[in-house]
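Visitor: These protein sequence lines are chains A and B, in that order.
For reference, each letter of the first sequence is one residue, going 1 to 458 in my numbering.
For reference, each letter of the second sequence is one residue, going 1001 to 1461 in my numbering.
Before we start, here is the structure in question, set down as structure tokens.
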Amino acid sequence: MREFIDISYFIRNVPYYLEIREQSLHSSSVSIMNNDVIGNSEIKISGISARSFLGGKWGFASSCQLSENSLKTIIDKAIGNAKLISRQMNNINLPSNPASFDFDISKNYRDDKQSDFLNFLFELEAYIKNKYPLIKSRTLNFHQAISYKNLVTSDGSYLLYSLPRAFLSLNFSIEKNGEPYELSDSFGGIGKFCTILLQKEKIYELIDSTYLSLIKKSEGVYAEPGLKELLLGPEVTGNLAHEAIGHTVEADIVLGGSIAKDFMNKIVASEQITLVDFSNKAFSDLCPVPIFIDDEGTSAVDVTIIENGILKSYLSSKQTAHDLNIPLTGNARANLFCDEPIVRMRNTAILPKENKLEDMISSIDDGYYLIKTSGGEADTNGEFMFEIDCGYKIKNGKISSPIKDTIVLGNAFEVLKSVDMVGDDFKWDSSGYCGKKQPISVSVGGPSIRCKAIIGGR
Amino acid sequence: MSGRNINRINKKKILNRLETLENKEVIIEDIMRSRDILNWTLEQAKKIGIEKSSLSFNKGEKEEINVLTNELSMYSTSFLSSISITGYIGNKKGIIAINNIDKQNILDSLNTLLLIIKTSKEDPAYELAPYQGTELFVDKNLQFIQDHMIYRVSEFLDICSKDYPSLNIEQASLNFYRSFDWFLTSNKTEFFSYGGFYSFDALFSNRLSDRLSSSSSLFFAKKDLTLPLIEWENTKSIIKENILELYPQPIEKKINGSIIFTPNSVDELLGFLFDSISDSAMIRGTSLFKDSLNKQIASNKLTIVCDPFYQDFVDNAGYTEDGFLTKSFCLVENGILKSYLLSFYGSKKTGKERALNYGSKVIVKQLDKKIDQIIKETKSGIILGRFSGSDISPNGDFTGIAKNSFLIEDGTIKYPLCETIISGNMAELLLSIEDISSERINDGYSLLPYIKTGKVLIHGR
Chain A
1 MREFIDISYF IRNVPYYLEI REQSLHSSSV SIMNNDVIGN SEIKISGISA RSFLGGKWGF
61 ASSCQLSENS LKTIIDKAIG NAKLISRQMN NINLPSNPAS FDFDISKNYR DDKQSDFLNF
121 LFELEAYIKN KYPLIKSRTL NFHQAISYKN LVTSDGSYLL YSLPRAFLSL NFSIEKNGEP
181 YELSDSFGGI GKFCTILLQK EKIYELIDST YLSLIKKSEG VYAEPGLKEL LLGPEVTGNL
241 AHEAIGHTVE ADIVLGGSIA KDFMNKIVAS EQITLVDFSN KAFSDLCPVP IFIDDEGTSA
301 VDVTIIENGI LKSYLSSKQT AHDLNIPLTG NARANLFCDE PIVRMRNTAI LPKENKLEDM
361 ISSIDDGYYL IKTSGGEADT NGEFMFEIDC GYKIKNGKIS SPIKDTIVLG NAFEVLKSVD
421 MVGDDFKWDS SGYCGKKQPI SVSVGGPSIR CKAIIGGR
Chain B
1001 MSGRNINRIN KKKILNRLET LENKEVIIED IMRSRDILNW TLEQAKKIGI EKSSLSFNKG
1061 EKEEINVLTN ELSMYSTSFL SSISITGYIG NKKGIIAINN IDKQNILDSL NTLLLIIKTS
1121 KEDPAYELAP YQGTELFVDK NLQFIQDHMI YRVSEFLDIC SKDYPSLNIE QASLNFYRSF
1181 DWFLTSNKTE FFSYGGFYSF DALFSNRLSD RLSSSSSLFF AKKDLTLPLI EWENTKSIIK
1241 ENILELYPQP IEKKINGSII FTPNSVDELL GFLFDSISDS AMIRGTSLFK DSLNKQIASN
1301 KLTIVCDPFY QDFVDNAGYT EDGFLTKSFC LVENGILKSY LLSFYGSKKT GKERALNYGS
1361 KVIVKQLDKK IDQIIKETKS GIILGRFSGS DISPNGDFTG IAKNSFLIED GTIKYPLCET
1421 IISGNMAELL LSIEDISSER INDGYSLLPY IKTGKVLIHG R
């Protein structure tokens, strides 16, 4: 664990709520495209922030100067800023569930050199170039980011935290009948370069499967648009959990008028659906984005959002828990030192059941199997859209022709009510970032599910 | 904002430009101290074996007022700085970015940068921009009044609450960012800029008993707070349209109709063009327009100018990230592609000319008709407020949802749409532009009209 300045000294005996967070990020990135190095960089940013709550309003200040003088300045500024917009004299007592935790797994992984990252990409590049000459353009990227955090709060929380994450991503393009086709994928999670290197075989498998999917995609047909029976693969299910449901139950969005505001303890999904936002452990393993104490110092707990089809909980921060009179869940997260904590998801997943994928495919007479998504967005009224960049038609219980890029859409709760089969093939996907105000790492998970939703096409 | 050649940037030159600024003596000391450190950094880079280098330094202060659920929720101040160092040894290149500029940290970072560069591979296209002289870009009239920011946001909330009772402002923020920048290179190019601007963004919907509209958003940037926020560009009409969206209907039939991009959604159409003629697609060879210079790529009604010095834009960029002075130029003239948007690196990789700027400030030329007349002349189609859909394929194909959109039939806006999918091809839409409105919206970075084109497939369930 790296050395931090003693920030706890400044939090003693303050007559109002105050939190101080020192944070740094150290990232390395290398990219090659068709044997040329197009990216070769390192970023080191660090800073400190203070946030106070006075008269029902927040004041925040941050600085990239890591010194005691700078800290004193930003504490004064944070308090002054809250006073600037506060119209009431009486303070509001925020709910509190403080905890202390040391989590430093960064030291468990070996540090490698930038040259090792680049040499590995060139090794993969040579493999792709030799084996798949049809690929017209190959882009490979390795990115490693280690975040460090030191948090103290006036209600007694203390956190020291470091988390390394490493990802390899690839993008291939081919040309068919004069038209370009592209497909991307990524691989990684908690760890550093050495973690990726230990799983070389899986990376070669990913290269092979991405190429095959791209070739099939180039032979794809337009989906027939309309309301269809769909089999969503784990990656798409995970995104449904995060984008379409998760955001509607974030308590700041609920306060802002989300459709989920009226649904507490009501049926919002098929009884086959249980949806959980895990804090740090799931299925006995560490989650891809483990949060033990959130950035307000709240002890993080697992939140069962939907239990057997019934909406049970929202995701909260200190203020939203106070405003809605709901439990604290530890979902307040900030990306960088200069960002304030806001309500965010952590590891959001639909839980698996017992159905086998082959049985789910054979149960569909006329529909689509949607495997990969490159993202999507959701509305506070529950409407969602995902991009689908790999999928197949299902005809008479069998996988049929591949389809071109399309979208799937619908009202999240209506789609979840239509779920009648849930698979046993659970997978996490942690390569994405959630873009609500500040981009932040999250993971999404789920099994295959059978449901009805609208698919785009021609 | 002004720029002109001078022999050397010194304290007096900057002071003259900052004539109206409060605390200018304090600021100037910081500015000159930063340049001393940067010059020292260039010297140290050379000493350890980095043959050529460029430094991009930014130091600023950001003030932000946040609104959550119709109420002021937070006031924030951030003191930020960053330095990005690009180094070259022969034709090998590396970059390091840090935000702590004490000398020991810089020395450590330069040593890391040296290793990064050495690990790289020779690429003849990697080269430091040639000497560009020295230039000074200073926004003379920059004013920040903290109380005025709070007043404008409070006023906006009061007006919204009174005039639009069903309106629910989910989140909003008013920001002011002021900063100074240095760009220095080992071959003595020296650029300095000082400026700042306000930006306002909001996400909102309308709620009436059990009805909830789709969310709408707005974003504008301005040089000052002279006008109330509610008067900024088309804020009022976006709010009014969202109220109508409390009662959306799905489209009943499949139609092949016109699409009218609003200034808020026309980015989708132009973005496809810009992506296709920029470095990534051009170098990879996946651009549909890779051999289209001086050829018709759009209807002859379309003219696009990239002008980084347009007086009503904010954050004017006098120089590019790779160290060239920018100039205004016509990107598309009467539908003919007049330039690519290639950087120095992209230019060397493709053998095509570097652009005079890289397209961050865009003006689309307006035509004569008002948007109401264009709608009257539309037989069937939609007016697209926002596109929520897949990335546009390199060949131009797209599919997505028409959000914040309305159906047009026989020259009249019929009703707001829900669950409506549109599919088409952006390259074909560029060629089939039928009309461009006389009204334009300035979001601070672009000046965009309504653009009517077609045909696209529009359908519901």
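Here a beta-carbon is modelled for each residue, glycine too, at the ideal position from N, C-alpha and C.
Bear in mind the structure is a predicted one, so any value in this text is a computation, not a measurement.
1) Run through the DSSP bridge pairs and tell me what residue 25(A) is partnered with.
2) Check whether the Cβ of residue 1089(B) lies closer than 8 Å to any Cβ atom in chain A.
3) Quick one: what's got a C-beta closer than 7 Å to residue 385(A)'s C-beta in the same chain, skipping five residues either side?
4) Ordered along the chain, which non-local residues of its own chain (more than five positions away) have a Cβ less than 7 Å from that of residue 1283(B)?
5) From which residue to which residue does the beta strand (DSSP E) around residue 1380(B) run?
6) Give the residues of chain A in contact with residue 1284(B), contact being defined as C-beta atoms less than 8 Å apart.
7) Checking 8 Å against the spacing of the C-beta atoms, do residue 1274(B) and residue 1359(B) come in under that value?
8) Which partner residues of residue 1399(B) appear in the DSSP bridge assignment?
9) Which residues in chain A sit within 7 Å of residue 1458(B), going by Cβ to Cβ distance?
10) State the beta-bridge partners of residue 1074(B) as determined by DSSP.
11) Among 1213(B), 1035(B), 1391(B) and 1380(B), which has the Cα closest to the Cα of residue 380(A)?
12) Going by alpha carbons, who is nearest to residue 362(A) out of 30(A), 93(A), 9(A) and 421(A)?
13) If you measure from the beta carbon of residue 1032(B) to each beta carbon in chain A, is any gap under 8 Å?
14) Hey, does residue 297(A) have any beta-carbon neighbour from chain B nearer than 8 Å?
15) So, is residue 1131(B) buried or exposed, given that buried needs 16 or more other C-beta atoms within 10 angstroms?
16) Let me check one thing: in DSSP terms, what residues is residue 1182(B) bridge-paired to?
17) Are residue 1414(B) and residue 1434(B) close, meaning C-beta to C-beta below 8 Å?
18) Any beta-carbon of chain B closer than 8 Å to the one on residue 77(A)?
19) In terms of DSSP beta bridges, what is residue 386(A) paired with?
20) Go ahead and label residue 1172(B) buried or exposed: buried means 16 or more other beta carbons lie within 10 angstroms of its beta carbon, across all protein chains shown.
21) Thinking C-alpha only, which one of 1322(B), 1330(B), 1176(B) and 1246(B) is nearest residue 1307(B)?
22) When DSSP builds the beta bridges, which residues end up paired with residue 247(A)?
23) If you compare alpha carbons, which of 1427(B), 1406(B) and 1364(B) is closest to residue 1440(B)?
24) When the cut-off is 8 Å and only beta carbons count, does residue 338(A) lie next to chain B?
25) If the cut-off is 8 Å on Cβ atoms, which residues from the region 233-266 of chain A count as contacting chain B, listed in chain order?
26) Residues of chain B with CB closer than 8 Å to the CB of residue 277(A), please, in chain order.
27) In three-state terms, what does DSSP make of residue 1358(B)?
28) Which partner residues of residue 460(A) appear in the DSSP bridge assignment?
29) Would you verify that the beta carbon of residue 1180(B) is, or is not, closer than 8 Å to some beta carbon of chain A?
30) Please state the DSSP three-state secondary structure of residue 138(A).
31) Going by C-alpha to C-alpha distance, which of 1077(B), 1095(B), 1122(B) and 1250(B) sits closest to residue 1055(B)?
32) Go ahead and label residue 19(A) buried or exposed: buried means 16 or more other beta carbons lie within 10 angstroms of its beta carbon, across all protein chains shown.
33) Output, in sequence order along the chain, the residues in the region 1377-1394 of chain B whose CB is closer than 8 Å to any CB in chain A.
34) Quick check: the Cα distance between residue 1017(B) and residue 1326(B), rounded to an integer number of angstroms?
35) Flag this pair as yes or no: are the beta carbons of residue 40(A) and residue 1083(B) separated by less than 8 Å?
36) Kindly list, in the order they appear in chain B, the residues whose Cβ is closer than 7 Å to that of residue 458(A).
Guide: By the coordinates alone:
1) On the first sequence, residue 25(A) is found 25 positions in, with the first residue counted as 1. Its beta-bridge partners are 45(A) and 147(A).
2) Within the second sequence, the letter at position 89 stands for residue 1089(B). At a cut-off of 8 Å, the C-beta of residue 1089(B) has no neighbouring C-beta in chain A.
3) Within the first sequence, numbered from 1, the residue matching residue 385(A) stands at position 385. Result list for residue 385(A): 376, 377, 407 and 409, in chain order.
4) For the purposes of this step, residue 1283(B) is taken as residue 283 along the second sequence, with counting starting at 1. Answer for residue 1283(B): 1346, 1349 and 1350, listed in chain order.
5) The residue you call residue 1380(B) lines up with position 380 of the second sequence. Run containing residue 1380(B): 1380-1384, per the beta strand (DSSP E) assignment.
6) As a working note, residue 1284(B) is residue 284 in the second sequence. Within chain A, the residues near residue 1284(B) are 33, 34, 136, 137, 139 and 173.
7) Along the second sequence, read from residue 1 onward, the residue named residue 1274(B) stands at position 274. Along the second sequence, read from residue 1 onward, the residue named residue 1359(B) stands at position 359. The answer is yes: Cβ separation under 8 Å.
8) Counting from one through the second sequence, the residue named residue 1399(B) turns up at place 399. Answer by DSSP bridge pairing, in chain order: 1423(B).
9) Taking the first residue of the second sequence as 1, we reach residue 1458(B) at position 458. Under the 7 Å cutoff, chain A gives no residues; its nearest Cβ is about 11 Å from residue 1458(B).
10) Taking the second sequence and counting its residues from 1, one reaches residue 1074(B) at position 74. In DSSP, residue 1074(B) forms a bridge with 58(A) and 1066(B).
11) Locating residue 380(A) in the first sequence gives position 380, where the first residue counts as 1. If we check each option's Cα against that of residue 380(A), 1213(B) comes out closest.
12) Translated into positions along the first sequence, residue 362(A) becomes position 362. The alpha carbon of residue 362(A) has as its nearest neighbour, out of 30(A), 93(A), 9(A) and 421(A), the alpha carbon of 421(A).
13) To locate residue 1032(B), count along the second sequence from 1; it is residue 32. So no, residue 1032(B) is outside the interface.
14) Locating residue 297(A) in the first sequence gives position 297, counting from the first residue. Contact with chain B is absent for residue 297(A), since none of that chain's Cβ atoms lies less than 8 Å from the residue's Cβ.
15) In the second sequence, the residue the question calls residue 1131(B) occupies position 131. By the neighbour-count rule (16 or more Cβ atoms within 10 Å), residue 1131(B) is not buried but exposed.
16) Residue mapping note: residue 1182(B) aligns to position 182 of the second sequence, counting from 1. Partner(s): 1057(B) and 1192(B).
17) For the purposes of this step, residue 1414(B) is identified with residue 414 of the second sequence, where counting begins at 1. For the purposes of this step, residue 1434(B) is identified with residue 434 of the second sequence, where counting begins at 1. Not closer than 8 Å, so no.
18) Reading the first sequence from its first residue, position 77 is the one you call residue 77(A). Proximity of residue 77(A) to chain B, defined by a Cβ-Cβ separation below 8 Å, is satisfied.
19) The residue given as residue 386(A) occupies position 386 in the first sequence. Looking at the DSSP output, residue 386(A) shares a beta bridge with 376(A) and 408(A).
20) Taking the first residue of the second sequence as position 1, residue 1172(B) is located at position 172. It is buried - the Cβ of residue 1172(B) has at least 16 other Cβ atoms within 10 Å.
21) Here residue 1307(B) is taken as the residue at index 307 of the second sequence, counted from 1. If we check each option's Cα against that of residue 1307(B), 1330(B) comes out closest.
22) Sequence index remark: in the first sequence, residue 247(A) carries index 247 (1-based). The partner list for residue 247(A) (beta bridge, DSSP) is empty, contrary to what the question assumes.
23) Numbered from its first residue, the second sequence carries residue 1440(B) at position 440. Among 1427(B), 1406(B) and 1364(B), the Cα nearest to that of residue 1440(B) belongs to 1364(B).
24) By 1-based counting over the first sequence, the position of residue 338(A) is 338. At a cut-off of 8 Å between beta carbons, residue 338(A) contacts chain B.
25) Contact residues of the region 233-266 of chain A toward chain B are 252, 253, 255, 256, 257, 259 and 262 (C-beta to C-beta distance below 8 Å).
26) Position 277 of the first sequence, counted from the first residue, corresponds to residue 277(A). For residue 277(A), there are no C-beta contacts with chain B under 8 Å, since the nearest C-beta of that chain is about 20 Å from it.
27) Here residue 1358(B) corresponds to residue number 358 of the second sequence, with the count starting at 1. Note: residue 1358(B) maps to coil in three-state DSSP.
28) Residue numbering for chain A in the displayed model covers 1 to 458; residue 460(A) lies beyond these limits and cannot be assessed.
29) Counted from its first residue, the second sequence places residue 1180(B) at position 180. With 8 Å as the cut-off, residue 1180(B) does not count as an interface residue toward chain A.
30) Here residue 138(A) corresponds to residue number 138 of the first sequence, with the count starting at 1. Here residue 138(A) sits in strand by DSSP.
31) Numbered from 1 along the second sequence, position 55 holds the residue referred to as residue 1055(B). Minimum Cα distance to residue 1055(B) is reached at 1095(B).
32) Position 19 of the first sequence, counting from 1, holds the residue named residue 19(A). So residue 19(A) counts as buried.
33) Against chain A - using a Cβ distance shorter than 8 Å - the residues of the region 1377-1394 of chain B are 1388, 1389, 1390, 1391, 1393 and 1394.
34) Counted from its first residue, the second sequence places residue 1017(B) at position 17. Counted from its first residue, the second sequence places residue 1326(B) at position 326. The alpha-carbon atoms of residue 1017(B) and residue 1326(B) are separated by roughly 20 Å.
35) Locating residue 40(A) in the first sequence gives position 40, where the first residue counts as 1. Locating residue 1083(B) in the second sequence gives position 83, where the first residue counts as 1. In this structure, residue 40(A) lies away from residue 1083(B), with their beta-carbon atoms at least 8 Å apart.
36) Taking the first residue of the first sequence as 1, we reach residue 458(A) at position 458. Within 7 Å Cβ-Cβ: 1423 and 1457.
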